[in-house]
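Just below is one structure, and these are the notes that go with it.
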Amino acid sequence: MVTDNVKARHSMERRETYEMNYDDVLADEATEEQNDAEGNDVDEDEPVDSIIETPSKNYTAIVGEDVRLECKVSPSFGAVVEWSRDNTKYFLGTLKSMEQDLNTYGVDSERISIAANSTDLLIRGVKHEDAGSFACTLMQFKPQVITHQLTVLEYPKIVSFTASNGGSVIEGSSVYLTCEASGSPPPQIVWSRDVDGVNERLQEEDGEFLGNYVYIRDIKREQSGKYYCYVFNGIGANQAEVTVNVRGKPRVHVHNTIVNSAINVEAVLQCTVHDEPGAHIRWYKDGQQIESISRQYDISTRGLHSNLTVLPTSDRDFGTFTCEAENEFGSHNRSISLVQSPVIHSLETDGPRIGITITSRRPLHTIELQVRELGVGEWRTFNIPVPTPSSHEYSIAYTVNDLEAGKYEAVVRAQNDHSWSEHSDSALLDIVYRGNSAHSVKSIALTTTLMYLLEHIRRRSPAHRRSHHKYEIKATGEAAKNYDFLAARPPGKRTKYRQNTLT
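Here it is as structure tokens:
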């Protein structure tokens, strides 16, 4: 009980000591001035009030920096200054030659102090909570006060960037992306995602943007990948990423939809499953599942790739083969036709020149090129010579010579000793004749004749004989060249023109 009373008394004494600090300082300053007055019989001038020379200011500092709030007093000797923030007193005292800490006033003295040889408030390692108003008051008969405003800036920081369900979502469902960021001023957010190695900004049609999160509805498989949250506030920038994996039923891709073979010739049908490594792959022939091991069929599956090797022994072994993949979300399939007829793999054009690739295990008999004006007209057939086969792959180059200039649609089909192939996909033939073509020569010849007649009429006219006035003949292209050539002839001479001199 005695011990408790002693502790209580000591605590009260400490509080009284702290409460008396401000009054003691002022009393000490007043006592010193009174003693000086009593001990000096010589008349002196009236004491001059000090003033604060520093105006109120706005200070800006970034978190972690040091800032010095100035309060310059003149004259400074003996002037008592008080620093406060809101209702909290930081310091009361006079200028000293050494730095003064503020531990007596219950302030974080490790960071905040009074700078040596001044009454400036020094804040080291500024924190976000240091922002606010600081007042420096000159404590005298006519007090003077200035107020500084400290704004604390902070680099943007991403606290967290997450996707709903850990980023693993089912195709057709929705996903939330949430980006929690801090900084001063508050940072802005820009959303983007990786598209084939390119960082593309998300647009309005990609989702709903609500503050610091994005809501993506009915997400598709192709929207899988990395998403980025980019924040900036004029002080700096920061970025974070999250991966979204959209899962769904497998997607099957076949390398060729039509494959050519022949009886007793092996054919390999290839199938690949995209995106879903856990999918189960099966093969079907005309709707009936194929056993993995049989005399006619061999199935080889490694990971996402599956090959079906077929050895046809009769016409019945040709037909439609289907590759199907299935997982917990559903199934998907693609079909391949195994045929004995030729297969047109490609038809490429370059002006009147075309290139064709054909596969046929049986000898080719006929190759037909069918052409018509683009979108209209009757088809015109050109028989392309069949090259001597060196293998079952045929590569043919052919030039179409007998077409007027214009745009044409072209298709190809081929026949072997079994049947005709399907028509190829159409290709565009763009025929453009230049000056050395037969059609262009005909045009130039007609233009030459016209220019000659006009020149002959001009030179026989009375006006030409009287004033040598020249008629203007407007012409462009080859016609202009021909007219220039004719006009340059000496008058009165006749020249025999031949087509080959004008080509």
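Mapped onto the working numbering, the consecutive letters of the sequence shown carry residue numbers 36 to 538. For each residue, glycine too, the CB sits at the ideal point set by N, CA and C.
As the crow flies, the alpha-carbon of I149 is around 16 Å from that of I87. Secondary structure of R317 (DSSP, three-state): strand. Nearest Cα to R388 within the set R317, A462, T344: A462. By a beta-carbon distance limit of 8 Å, I393 does not contact Y433. Their separation comes to about 12 Å. Residue K442 holds the alpha-carbon nearest to the alpha-carbon of G412 among K442, V266, G386. Of T182, A314, G283, the smallest CA-CA separation from Y94 is found for T182. Shown here, R330 sits in coil according to DSSP, grouped into three states, outside any helix or strand.
Of the candidates H380, T336, L304, G386, the residue whose Cα lies closest to the Cα of F356 is L304. With 16 or more other Cβ atoms from the protein chains shown falling within 10 Å of its own Cβ, G283 counts as buried. Setting aside the 5 residues that flank it on each side, V194 is surrounded in the same chain by E215, A216, S217, each with a C-beta closer than 7 Å to its C-beta; the list follows chain order. In summary, L404 is buried, with 16 or more beta-carbon neighbours lying within 10 Å of its beta-carbon over all protein chains present. Counting only residues of its own chain and dropping the five nearest sequence neighbours on each side, P422 has a CB closer than 7 Å to the CB of Y429, I431. Put simply, the backbone Cα of R256 is about 47 Å away from that of N418. The DSSP-derived three-state label of Q323 is strand. Beta-bridge pairing by DSSP links V378 to T394. Inter-residue distance for S132 and T154 is about 10 Å (C-alpha atoms, whole angstroms). A straight-line Cα-Cα distance of about 30 Å links T348 and G338. G260 sits in a strand when the DSSP states are folded into three classes.
Check the Cα spacing between I97 and each of A440, Y190, L343, H309: the tightest is with Y190. About 6 Å separates the Cβ atoms of G202 and V277, confirming a contact at the 8 Å cut-off. Per DSSP, the continuous beta strand (DSSP E) segment holding L173 begins and ends at 167-173. Counting the other Cβ atoms within 10 Å of the Cβ of H453 gives 16 or more, which makes it buried. Around the Cβ of D165, a 10 Å sphere holds 16 or more other Cβ atoms; the residue is buried. Between the C-alpha atoms of T123 and V187 there is a straight-line separation of about 19 Å. R448 has E403 as its beta-bridge partners, per DSSP. Between S456 and L373 a beta carbon distance of about 14 Å is seen, past the 8 Å cut, so the two are scored as non-contacting. DSSP links G365 through a beta bridge to N362.
With fewer than 16 other Cβ atoms inside 10 Å of its own Cβ, R103 counts as exposed.
Rounded to whole angstroms, S168 and C106 show a C-alpha spacing of 14 Å.
The Cβ-Cβ distance between G99 and V161 falls below 9 Å. Non-local beta-carbon contacts of N268 in its own chain, meaning distances under 6 Å to residues more than five positions away in sequence, involve P191, G218, P220, P222 in chain order. The continuous beta strand (DSSP E) containing D229 extends over residues 223-230.
Excluding five sequence positions before and after G260, the CB atoms of its chain that fall closer than 8 Å to its own CB belong to R228, D229, V230, T278, V279, given in chain order.
For E301, the CB contacts under 8 Å within the same chain, skipping 5 residues up- and downstream, are T344, V345, L346 in chain order.
S366 sits close to P285, with the two beta carbons spaced by under 9 Å.
For the pair P420 and S395, the CB atoms are not nearer than the 9 Å cut-off.
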